[in-house]
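Visitor:
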Amino acid sequence: MESSIRGASVLGMVGAGGIGEELWKNLSFLRYDKVSFIIVILLGFIFLTDSLSWFFRKKDNLIKITTSEGYKKSKFISNIIGFGILILLVFSLNVLYEDTNKISTPVFFERLLTFFKKFRYLDFSYSIKALVALWQSFLVAFFATVFAAPTAIIISYFANSITSNKIVAFFVKIFINFIRTFPPVIVAILFFSGFGPGLISGFFALYLYTTGVITKVYVDVLESVEVDYGLYGKSLGLKNFYIYLKLWLPSTYTNFVSIFLYRFESNMKNSSVLGMVGAGGIGQLLMNHIAFRNWEKVWVLLIFLIITIILIENLSEYIRNKINK
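Numbering (the working numbering), first residue to last: 41 to 365.
#1: Using the C-alpha atoms, what's the distance from Tyr249 back to Arg220?
#2: Taking the alpha helix (DSSP H) that Ser196 falls in, what are its first and last residues?
#3: Pick helix, strand or coil for Ser35, following the three-state DSSP scheme.
#4: Where does Arg303 fall in DSSP's three states?
#5: One question on the structure: do Ile322 and Ala170 come within less than 9 Å of each other, judged by their Cβ atoms?
#6: List the endpoints of the continuous alpha helix (DSSP H) containing Arg360.
#7: Quick check on DSSP: helix, strand or coil for Leu88?
#8: Go through its chain and collect everything with a Cβ distance to Leu83's Cβ below 8 Å, but skip five positions before and after it.
#9: Can you tell me the Cα-Cα spacing of Gly242 and Tyr284, whole angstroms?
#10: Quick check on Asn354: buried or exposed, where buried means 16 or more other Cβ atoms within 10 Å of its Cβ?
#11: For Ile299 and Tyr358, I'd like the C-alpha separation in whole angstroms.
#12: Please state if the CB of Leu325 and the CB of Leu341 are separated by a distance shorter than 9 Å.
#13: Please report how far the alpha carbon of Ile229 lies from the alpha carbon of Val317, in whole angstroms.
#14: In three-state terms, what does DSSP make of Thr250?
Put into structure tokens, the structure is as follows:
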């Protein structure tokens with residue numbers, strides 16, 4: 041749910057409506073005052089969603105129910121909230137329906153047929169440029185993930201209450217949630233002011249976001265380990281950080297590799313999206329050809345991108361299965 045909200049804001053940048061479309065429109069006309077205001081609204085909404093998500097995941101631990109009367113009240117409140125969300129969803133679906141301009145059924149099928157006819161005119165002479173751009177996106181995703189992984193390992197030491205002071209861990213978690221709240225596209229736009237549009241802005245955007253996500257997930261893994269390696273290490277006279285490196289990390293190694301591989305898969309998709317706002321790679325070619333309605337080239341780019349993502353996902357799944365055996 042949290043990720044989908046971030047994704048929905050990105051989709052608007054390629055014409056799918058919503059706050060992303062307003063953001064892209066004002067960015068195109070260099071209205072940075074409005075761009076900044078939209079980013080603040082978006083970040084506030086994402087932070088609120090993250091907070092609600094965290095509350096519902098942890099509510100059983102936060103709210104202790106010891107009586108049957110308390111359980112009934114909790115159930116009643118949950119039903120009221122669920123009913124309210126259902127009404128909101130029905131209203132939202134009505135808004136989406138109004139936005140489609142109520143296309144008639146014959147027109148819908150006519151457009152669908154036109155959509156499939158486009159496949160007959162694919163321009164595979166564009167393959168070399170597509171592969172070069174795809175390689176650029178791959179490198180951005182790969183290096184952003186590779187550099188984020190060791191950074192996340194170090195930050196995770198301070199962000200979990202097992203290996204670090206609880207007060208320190210609390211503030212580090214707030215910081216991690218803050219950088220994780222920024223969608224990579226928004227971060228890339230912020231980096232444009234310093235580095236300009238291009239691959240380097242895309243790299244830093246993915247690096248920051250990936251560091252936040254890997255740290256968040258890995259801290260959850262560390263805090264769910266039942267064995268107290270800290271007590272064992274201290275009995276041997278080892279320092280906290282050494283215990284973390286030599287006992288905690290090896291015991292959760294397979295989990296960390298799985299998190300790393302999953303983020304690399306996601307970053308490959310994210311790097312292609314980043315290109316759509318000027319961060320280079322295959323996404324930038326996609327955006328250029330979409331703007332000029334060169335659909336025969338757009339489909340070639342998409343075919344190469346889809347094949348690459350499928351290959352990476354299958355390779356990632358194979359490696360995860362191997363290390364978990």
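In this text, a Cβ means the ideal position worked out from N, Cα and C, and glycines have one as well.
Guide: According to the structure data:
#1: 5 Å
#2: Ser167 to Ala199
#3: Past the boundaries of the shown model lies residue 35; the chain is included only from 41 to 365, so the question cannot be answered.
#4: It is helical.
#5: yes
#6: Trp335 to Asn364
#7: helix
#8: Thr221, Phe222 and Ile226
#9: 32 Å
#10: exposed
#11: About 14 Å.
#12: Contact check for Leu341 against Leu325 passes: the beta carbons are separated by less than 9 Å.
#13: Approximately 8 Å, taken between the alpha carbons.
#14: helix
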